[in-house]
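Single-structure report; data block below.
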Amino acid sequence: MQTVLTSSLIQKYKQLSGRCRAVFFSAPTGFGKTCAAKALATGRRVVTLSARDPAFALPPAAGTWATLVVDDLQDLDSEADQQALCDLLRDCPDRRFLFLSRGPLPSCLMPFQAAGVLGLLTPRDLMLDREAAARLLQSHGVALPDADLASVCQVTRGYPLALELLAQRLERGEPCTRTTLDNTRLDLYRYYEETVLRRLDAPTRALLTQVAPFAPVTLDLARLVTGDNHAGERMVALLRTTSMLQQDKMGSYLFWPLFRDFLLWELDQHTSDSQRRTLYARAGLHYELAEDYGRALDCYNHSGNTDKISELLEKNAEMHPGMGHYLEMEPYYRALPEEEVLQSPALMQGMSMLCAMRMDFAASERWYTALRDYAAHSVGEKAREAKGRLAWLDIGLPQRPVDATAELFPKVFALLSARQIRLPPFSVTSTLPSLMNGGKDFSPWSKRDALLYATLRVPVEAVLGRDGVGLADCALAESQFEKGKDIRDQAIRLLAMLDHIRCNGTPDMEFAVVGLLARVQMDAGHPGDARESLLALRQRFVQAGQTRFLPNLDAMLCRTDLLLQDDGAAAAWLRDKAPGDAQCIQVLKRYQYFTEALVRLALGDYQAVLVTLAPLEPYCTACRRYIDSIQLHTLQAIARYRLDQPGWKNDLAAALDTAREYGFVRTVSQFGAAVLPLLESGGWTADADFLAAVTAAARTQASCCPGYLAPPQTLRAPLTETERQVLRLICADHTNAEIGQLLDIKLSTVKTHVSHILDKLQVTRRSQLKAAAARLHLIDT
Numbered sequence: 139m140q141t142v143l144t145s146s147l148i149q150k151y152k153q154l155s156g157r158c159r160a161v162f163f164s165a166p167t168g169f170g171k172t173c174a175a176k177a178l179a180t181g182r183r184v185v186t187l188s189a190r191d192p193a194f195a196l197p198p199a200a201g202t203w204a205t206l207v208v209d210d211l212q213d214l215d216s217e218a219d220q221q222a223l224c225d226l227l228r229d230c231p232d233r234r235f236l237f238l239s240r241g242p243l244p245s246c247l248m249p250f251q252a253a254g255v256l257g258l259l260t261p262r263d264l265m266l267d268r269e270a271a272a273r274l275l276q277s278h279g280v281a282l283p284d285a286d287l288a289s290v291c292q293v294t295r296g297y298p299l300a301l302e303l304l305a306q307r308l309e310r311g312e313p314c315t316r317t318t319l320d321n322t323r324l325d326l327y328r329y330y331e332e333t334v335l336r337r338l339d340a341p342t343r344a345l346l347t348q349v350a351p352f353a354p355v356t357l358d359l360a361r362l363v364t365g366d367n368h369a370g371e372r373m374v375a376l377l378r379t380t381s382m383l384q385q386d387k388m389g390s391y392l393f394w395p396l397f398r399d400f401l402l403w404e405l406d407q408h409t410s411d412s413q414r415r416t417l418y419a420r421a422g423l424h425y426e427l428a429e430d431y432g433r434a435l436d437c438y439n440h441s442g443n444t445d446k447i448s449e450l451l452e453k454n455a456e457m458h459p460g461m462g463h464y465l466e467m468e469p470y471y472r473a474l475p476e477e478e479v480l481q482s483p484a485l486m487q488g489m490s491m492l493c494a495m496r497m498d499f500a501a502s503e504r505w506y507t508a509l510r511d512y513a514a515h516s517v518g519e520k521a522r523e524a525k526g527r528l529a530w531l532d533i534g535l536p537q538r539p540v541d542a543t544a545e546l547f548p549k550v551f552a553l554l555s556a557r558q559i560r561l562p563p564f565s566v567t568s569t570l571p572s573l574m575n576g577g578k579d580f581s582p583w584s585k586r587d588a589l590l591y592a593t594l595r596v597p598v599e600a601v602l603g604r605d606g607v608g609l610a611d612c613a614l615a616e617s618q619f620e621k622g623k624d625i626r627d628q629a630i631r632l633l634a635m636l637d638h639i640r641c642n643g644t645p646d647m648e649f650a651v652v653g654l655l656a657r658v659q660m661d662a663g664h665p666g667d668a669r670e671s672l673l674a675l676r677q678r679f680v681q682a683g684q685t686r687f688l689p690n691l692d693a694m695l696c697r698t699d700l701l702l703q704d705d706g707a708a709a710a711w712l713r714d715k716a717p718g719d720a721q722c723i724q725v726l727k728r729y730q731y732f733t734e735a736l737v738r739l740a741l742g743d744y745q746a747v748l749v750t751l752a753p754l755e756p757y758c759t760a761c762r763r764y765i766d767s768i769q770l771h772t773l774q775a776i777a778r779y780r781l782d783q784p785g786w787k788n789d790l791a792a793a794l795d796t797a798r799e800y801g802f803v804r805t806v807s808q809f810g811a812a813v814l815p816l817l818e819s820g821g822w823t824a825d826a827d828f829l830a831a832v833t834a835a836a837r838t839q840a841s842c843c844p845g846y847l848a849p850p851q852t853l854r855a856p857l858t859e860t861e862r863q864v865l866r867l868i869c870a871d872h873t874n875a876e877i878g879q880l881l882d883i884k885l886s887t888v889k890t891h892v893s894h895i896l897d898k899l900q901v902t903r904r905s906q907l908k909a910a911a912a913r914l915h916l917i918d919t
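Taking the working numbering, I'd label the letters of the sequence shown as residues 139 to 919.
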């Protein structure tokens, strides 16, 4: 292999060599570790050894060597040799050591890394960038056009061996086409076959190929799929000798992507369709037992076991859409024959909910009618099950008006008490941080929330089971909060109930309660405290494996970033976690879509705000999402106002009309300074008292977080270097006189600089400079 080093590798090696006596190269085969070490280990007195050599022996400490290079360190399995190597490293403080291994850093060398004696180079450091890839190709007499070079770098991912094998083919005159790239991949696979797989014993080879289709790999999965009771021991041994298999988290492992592709190719080459179906069936059983129905369905689909697919979908239909993964499993639902679905109340229920979530309400009602017909023609347990699922849909379908559920809950409670029906479990939040605006919008109940609290608390909590624990108190508090009332006393009572909810309720309810408490903190002007509350909850959810809440929880954390005016963190969420793709809306992600609109508003991309929100409008109308509608129209109004589009007054009027109907003040006022000028000049005259209440609440919010959703600031003109120095000193709370002394300039000159800085940052007071500078990333915060 040609020796080509990237400038970043050379720089990092120099940095490590400057502070460490030893450098450990850890990378799979084909990364050019040997060539790189040879090029980097300059000097005449270099001793190079291979731990794979049967005659391997370390040089004496008293020798004349200056640098020791030990290759294939993963094969140094003798404790005596490992101890001797550590002794040599310890006893020769004036010598340099380069260790090369296909595996991770061995435990015997970890103390040296912790002490700063040993530095680490990883596969990422050894990958070739575009410039290095071009030099490697040129060494073979190959010069590619920029477009082809970019394609090659993308396909090979900068992997040195893949680039070398491709360069050899191109040097022989083969064109840079998909066929040549595919043939290069086969060259690579044959290389792995010879240098990696054949060096392993037969049981380990079988283990690797049989678990390759599944990611991540756990020890239990490996044992069940392979039928090898020693699979765990073999996995642990592999982790010590190769970095092709890496630990993802404790007890969970991932293959290096290119090596996994090779193992899948090996599996196809050396096993029959029947054998592969058996592997998938075993893996499906593993995932089913772990209640990971998404992966289980995928495996059973590959195994051809359609009966298992139907069985799992029925189990999935027992779960609420907030945790039922309907959308992820949609292809399996759609693939079922209609006559098979019509024989299963659970599948008809699932299809009705799935279609509703896709906003295909006609199809949803068709499946509801089919389930009702099934119930009418059934007796005994079948009729009992079907009626229970009909009641579940009557409560849970998003297109069902919530007004009717006030009468429905007592009826369902009576049927449950008489054991005439059995209800599948509910989740009233759909993993959202809200009860009023969770799985359903309960705004109509807010008109008589105190009365309903007194009359419906018992039947509602009985019908909902564990999901009803704490529901009534949280719902009443949230209703009062939306109306702009002070609920601090209720919030304290909810806080006291949290342990009871954790023990006897559900994580859904815990998220709703903590979400409301965080909103109270944000409304009081303490977004930092709200962030801490949410981060503590996030940590608990991660530890408990409740990852289904994380997307909405992270979106709520992003809202605290906006209140803290941390546009960088908000932009990072937008880049990495926002749902995007407004053309294929998923209604269960609507909280994230609204958060995306807020971030785009803060970043000044007002047209994108309108594009993000537009697909949600039909859903909000069809499913009577009143709170979402208020927020949607308010955000549309702000965006159009800033775009100077005439329709903003209509949007604002629509928001205020709905908010007034339910008495919701904070639903509009939460946008603070961003909505205040619209309220003052919008011309809405339907209810002067209500408008005054919303305006006053918006002013309070604006005073707490004046920069929230403000139009992004820009510099009127670039700052000079002296102005930057003056600005930094102002932000460090120095007076003009102190600045003059520090910079050795006259006081009048300092005042001139301050005047220029105020003008360029577009603020009027010296006290506003620090916030403006932070927002423009001119200072570190």
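Note that beta-carbon positions come from the ideal geometry of N, C-alpha and C, so glycine has one too.
With H, G and I counted as helix, E and B as strand and the rest as coil, what does DSSP make of residue i?
i: Asp498; result: coil
i: Tyr591; result: helix
i: Ser390; result: strand
i: Thr873; result: coil
i: Thr356; result: strand
i: Asn454; result: helix
i: Asn575; result: strand
i: Gly643; result: coil
i: Asp882; result: coil
i: Asp705; result: helix
i: Gln783; result: coil
i: Pro850; result: coil
i: Glu859; result: helix
i: Glu477; result: helix
i: Lys621; result: coil
Among the options, whose alpha-carbon lies nearest the alpha-carbon of residue i?
i: Leu695; options: Arg307, Ala271, Leu916 and Lys715; result: Lys715
i: Arg686; options: Ser568, Asp366 and Asp897; result: Ser568
i: His440; options: Asp411, Leu427, Glu449 and Asp430; result: Asp411
i: Val864; options: Leu308, Ser893 and Pro849; result: Ser893
i: Lys121; options: Ala588, Pro597 and Ala613; result: The structure shown has nothing for residue 121, since the chain only spans 139 to 919.
i: Lys585; options: His638, Thr796, Glu599 and Pro753; result: Thr796
i: Leu790; options: Gly810, Leu781, Phe802 and Gln769; result: Gln769
i: Ala708; options: Tyr846, Lys787, Asp637 and Trp786; result: Tyr846
How long is the line joining the alpha carbons of residue i and residue j, rounded to whole angstroms?
i: His872; j: Asp704; result: 24 angstroms
i: Met467; j: Ala855; result: 54 angstroms
i: Ser448; j: Thr416; result: 19 angstroms
i: Ala369; j: Val355; result: 11 angstroms
i: Thr379; j: Met373; result: 10 angstroms
i: Glu477; j: Ala508; result: 11 angstroms
i: Leu480; j: Gln745; result: 45 angstroms
i: Gly801; j: Ala793; result: 12 angstroms
i: Ala629; j: Leu609; result: 13 angstroms
i: Ile998; j: Ala434; result: Residue 998 falls outside the range modelled here, since the chain spans only 139 to 919, and no answer is possible.
i: Ile639; j: Val598; result: 16 angstroms
Can you tell me where the beta strand (DSSP E) holding residue i begins and where it ends?
i: Thr186; result: Val184 to Ser188
i: Lys387; result: Leu383 to Lys387
i: Ala160; result: Ala160 to Ser164
Tell me the residue span of the alpha helix (DSSP H) that contains residue i.
i: Lys787; result: Trp786 to Tyr800
i: Val806; result: Arg804 to Ser807
i: Asn439; result: Tyr431 to Ser441
i: Cys758; result: Leu754 to Ala760
i: Leu143; result: Where Leu143 is concerned, there is no enclosing alpha helix (DSSP H), given that its DSSP letter is neither H nor E.
i: Glu404; result: Pro395 to His408
i: Ala716; result: Segment: none, Ala716 is in no alpha helix (DSSP H) and carries neither H nor E.
i: Pro665; result: Pro665 to Gln681
Can you give, in chain order, each stretch of the alpha helix (DSSP H) that sits fully within the region 312-354 and has at least 4 residues? Counting only runs of 4 or more, we get 316-333 and 340-349.
For a minimum of 3 consecutive residues, which ranges assigned as the beta strand (DSSP E) are wholly contained in the region 193-237? 205-209, all fully within the region 193-237.
Complete runs of the beta strand (DSSP E) confined to the region 227-309 [at least 3 residues]: You should have 234-239 and 256-259.
Secondary structure, alpha helix (DSSP H): runs of 4+ residues fully inside the region 479-523: The region 479-523 is shown to contain whole alpha helix (DSSP H) runs of 4 or more residues at 483-495 and 499-514, in chain order.
At 4 residues or longer, and completely inside the region 808-837: list those alpha helix (DSSP H) runs for me, N to C. With a minimum length of 4 residues, the continuous alpha helix (DSSP H) runs that stay inside the region 808-837 are 814-819.
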